[in-house]
Amino acid sequence: MGWRPAAHASGGGGDPARDRPGASARAHWDGGAGGVPAAGDRGEEPVPDECRAGGRAARVARWRARPSRFPHRRAGPALLAGRITDGGTVIRFHIRRLVILAVVGACGHTISGPPGRPGLAVTPFALGNGPWNVAISQRGLVYVTRVATDSIAVVDIAAPRVAAAFKVGNGPYDVVFNAAGSSAYVSNLYDHTVGVINTSTPAQVTTFPVPGGAVRLLLGPGENKLYVTLDNGGLTVLNAASGAVDTTIQLGAVALNGVALTSDRSRLYVSSVGGTVTEINTASDIVLRSFTPGGTPQDLVVGHGDSTLYLADEAGWVAVWNLKSWTRTDSIPVPAAFGLALTQDGAQLWVTETGAGEIAVVDCASRTVVATIPVLGHPRHLAMTLDGTTAVVANEAGVVQIIR
Numbered sequence: 382m383g384w385r386p387a388a389h390a391s392g393g394g395g396d397p398a399r400d401r402p403g404a405s406a407r408a409h410w411d412g413g414a415g416g417v418p419a420a421g422d423r424g425e426e427p428v429p430d431e432c433r434a435g436g437r438a439a440r441v442a443r444w445r446a447r448p449s450r451f452p453h454r455r456a457g458p459a460l461l462a463g464r465i466t467d468g469g470t471v472i473r474f475h476i477r478r479l480v481i482l483a484v485v486g487a488c489g490h491t492i493s494g495p496p497g498r499p500g501l502a503v504t505p506f507a508l509g510n511g512p513w514n515v516a517i518s519q520r521g522l523v524y525v526t527r528v529a530t531d532s533i534a535v536v537d538i539a540a541p542r543v544a545a546a547f548k549v550g551n552g553p554y555d556v557v558f559n560a561a562g563s564s565a566y567v568s569n570l571y572d573h574t575v576g577v578i579n580t581s582t583p584a585q586v587t588t589f590p591v592p593g594g595a596v597r598l599l600l601g602p603g604e605n606k607l608y609v610t611l612d613n614g615g616l617t618v619l620n621a622a623s624g625a626v627d628t629t630i631q632l633g634a635v636a637l638n639g640v641a642l643t644s645d646r647s648r649l650y651v652s653s654v655g656g657t658v659t660e661i662n663t664a665s666d667i668v669l670r671s672f673t674p675g676g677t678p679q680d681l682v683v684g685h686g687d688s689t690l691y692l693a694d695e696a697g698w699v700a701v702w703n704l705k706s707w708t709r710t711d712s713i714p715v716p717a718a719f720g721l722a723l724t725q726d727g728a729q730l731w732v733t734e735t736g737a738g739e740i741a742v743v744d745c746a747s748r749t750v751v752a753t754i755p756v757l758g759h760p761r762h763l764a765m766t767l768d769g770t771t772a773v774v775a776n777e778a779g780v781v782q783i784i785r
């Protein structure tokens, strides 16, 4: 979940009780723990700029940092580098004391993409408030959690624009939709609750208490169960309708950051920043087996066919595990790997590189990185649309990026 000390803003794992997303920023904003920044306050000031490539102007939305007012930002200068291309012309930029929020994709610029998609359009727009996670319903509804202002943004990816925003609990981290798209659940990390959202309103209509800081969420078989990982190493199983706690399974003492289900939802995989992955039978909610990959495990994805598990590790790789033999079969070098999303055909795995400000595109057959997509900032989680044509990236630097 990206628990990390403020002194290590580019990645790494820290103590969840001390270094939760936004915790230090909240203390600064209100002079004490638990303070909430004013709605719409990004902790940054817009500085419009313009760059040109191939004779075309590209608007570059930049925000000048006000020190210590944005989650995880270190004091002192920041140096970012990148490039924009248009018609073969390359603009390289090195900006000190600025955070680039919207660069690639402006004015129709394209970047190199994976085989079969040589030109990917990246459309960024400023959202602010620490975008962290993103979910897309089967109806195409897009929710982005914003940990800094306890809210969820409803994003129209066609426009692109924020169609609506609404308050939820304290420190919304993850969000999931039910199959019908009529309801959603949000993990309110600092409140120790799970919020239930009526998507037609949209509004959080009730909350379910859980015995710890709620981190990741997944609906189980038949959507009768809601699995909630906690920052204290617990996995709580809720009745998805009533919110009653069916059971809590203790899987350690540190945050559980990644969750994934097999296609038939019979097996649940949970990763811990302590360096373990656990397999659970969802019919009985009993632990079947576990392994210790080491490093700082983050997101998990089960590959097509349910025979492969991909594990993002902030230590610098994506681990590949054979679920039949329960052995590690490969390690794909990916710097600061954090979020994962599998394309609909299962051919490619997209990986956010939080520390590098990039997205790595992995070919699942060859298990190699076939392309990198520069997005800058701190990309966290991403999601794919059902038709497989669009990826939506929540970038902690205050921007959402739509990649087509």
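With this note's numbering as the guide, the letters of the sequence shown map in order to residues 382 to 785.
From the three backbone atoms N, C-alpha and C, an ideal C-beta is built for every residue, glycine too.
| query | Can you give the Cα-Cα distance for residue 704 and residue 669, rounded to whole angstroms? | reply | Distance between the alpha carbons of residue 704 and residue 669: 12 Å.
| field | Closest residue to residue 639 among 651, 632 and 708 (Cα-Cα distance) | value | Nearest option by C-alpha distance: 651.
| Integer-rounded CB distance, given that residue 571 should sit under 8 Å from residue 594 | Residue 594 to residue 571, Cβ: 7 Å. Contact.
| message | With three or more C-beta pairs closer than 8 Å as the rule, is the segment 518-532 touching the segment 543-551? | response | Cβ pair count under 8 Å is three or more, so yes.
| Counted within 10 angstroms of its Cβ, other Cβ atoms place residue 620 as buried (16 or more) or exposed | Residue 620 is exposed by the Cβ-count criterion.
| said: At the level of alpha carbons, what is the spacing between residue 577 and residue 550? | reply: Their Cα atoms are separated by approximately 10 Å.
| message | Looking at the strands, I want to know which residues DSSP matches up with residue 608. | response | Answer is 599 and 618.
| said: So the candidates are 768, 774 and 709; which of them puts its Cα closest to the Cα of residue 735? | reply: Among 768, 774 and 709, the Cα nearest to that of residue 735 belongs to 774.
| Comparing alpha-carbon positions, which option in 761, 563, 579 and 575 lies nearest residue 589? | When each option's Cα is compared against that of residue 589, the closest is 575.
| said: Less than 8 Å between C-beta atoms, sequence neighbours within five positions excluded: which residues of the same chain meet that for residue 771? | reply: 538, 765, 783, 784 and 785, listed in sequence order.
| Terminal residues of the continuous beta strand (DSSP E) containing residue 548? | First-last of the beta strand (DSSP E) with residue 548: 542-548.
| query | What are the uninterrupted segments assigned as beta strand (DSSP E) that are 3 or more residues long and contained completely in the segment 503-538, given in chain order? | reply | Within the segment 503-538, the complete beta strand (DSSP E) runs of at least 3 residues are 512-517, 523-527 and 532-537.
| said: As a quick exercise: from 665, 739 and 636, pick the residue whose alpha carbon is nearest that of residue 655. | reply: When only C-alpha atoms are compared, the closest one is 636.
| said: On a Cα-Cα basis, can you pick out the residue from 695, 540 and 691 that is closest to residue 729? | reply: Scanning 695, 540 and 691 for the CA closest to the CA of residue 729 turns up 691.
| message | According to DSSP, simplified to helix, strand and coil, what is residue 631? | response | In the structure shown, residue 631 sits in a strand (DSSP, three-state: E or B).
| field | Proximity winner among 761, 758, 757 and 720, relative to residue 743 (alpha-carbon distances) | value | Checked all of 761, 758, 757 and 720; the closest Cα to residue 743 is 720.
| said: So, with DSSP's three-state summary, where would you put residue 707? | reply: In the structure shown, residue 707 sits in coil (DSSP, three-state: anything other than H, G, I, E or B).
| My guess is that residue 506 and residue 756 are in contact by the Cβ rule of under 8 Å, so how many angstroms apart are they, rounded? | In this structure residue 506 does not touch residue 756 by the C-beta definition: roughly 13 Å separates them, more than the 8 Å allowed.
| request: With DSSP collapsed to three states, give me the class of residue 678. | output: Note: residue 678 maps to strand in three-state DSSP.
| Cα-Cα separation, residue 553 to residue 569 | Rounded to whole angstroms, residue 553 to residue 569 spans 4 Å at the Cα level.
| said: For residue 744, report the span of its beta strand (DSSP E) as first-last. | reply: Start and end: 739-744.
| task | Would you kindly work out how many angstroms separate the C-alpha atoms of residue 517 and residue 558, rounded to a whole number? | result | Distance between the alpha carbons of residue 517 and residue 558: 8 Å.
| task | Go ahead and label residue 657 buried or exposed: buried means 16 or more other beta carbons lie within 10 angstroms of its beta carbon, across all protein chains shown. | result | Result: buried.
| request: Compare the Cα-Cα distances from residue 763 to each of 675, 686 and 693 and report the closest residue. | output: The shortest Cα separation from residue 763 among 675, 686 and 693 belongs to 693.
| Relative to the alpha-carbon of residue 751, which residue among 761, 758 and 740 has its alpha-carbon at the smallest distance? | Proximity to residue 751 across 761, 758 and 740 peaks at 740, based on C-alpha coordinates.
| Buried/exposed call for residue 767, threshold 16 Cβ in 10 Å | Result: exposed.
| request: Mind checking who residue 670 pairs with in its DSSP beta bridge? | output: For residue 670, which the question treats as bridged, DSSP gives the partners 660.
| Using the beta-carbon count (16 or more within 10 Å), is residue 631 buried or exposed? | Its Cβ having fewer than 16 others within 10 Å, residue 631 is exposed.
| message | Just to confirm before moving on: does the CB-CB distance between residue 702 and residue 710 stay below 8 Å? | response | Going by C-beta atoms, residue 702 is nearer than 8 Å to residue 710.
| said: Looking at the secondary structure, which residues open and close the beta strand (DSSP E) in which residue 554 lies? | reply: First-last of the beta strand (DSSP E) with residue 554: 553-558.
| query | What is the DSSP secondary structure of residue 591, counted as helix, strand or coil? | reply | Here residue 591 sits in coil by DSSP.
| task | With residue 694 as the anchor, note down where its beta strand (DSSP E) starts and where it stops. | result | Run containing residue 694: 689-694, per the beta strand (DSSP E) assignment.
| Test item: CB-CB of residue 373 and residue 611 under 8 Å | The question about residue 373 has no answer here: the residues shown for the chain are numbered 382 through 785.
| said: Taking DSSP's pairing of strands, which residues face residue 583 in a bridge? | reply: Secondary-structure assignment with DSSP links residue 583 through no beta bridge to anything.
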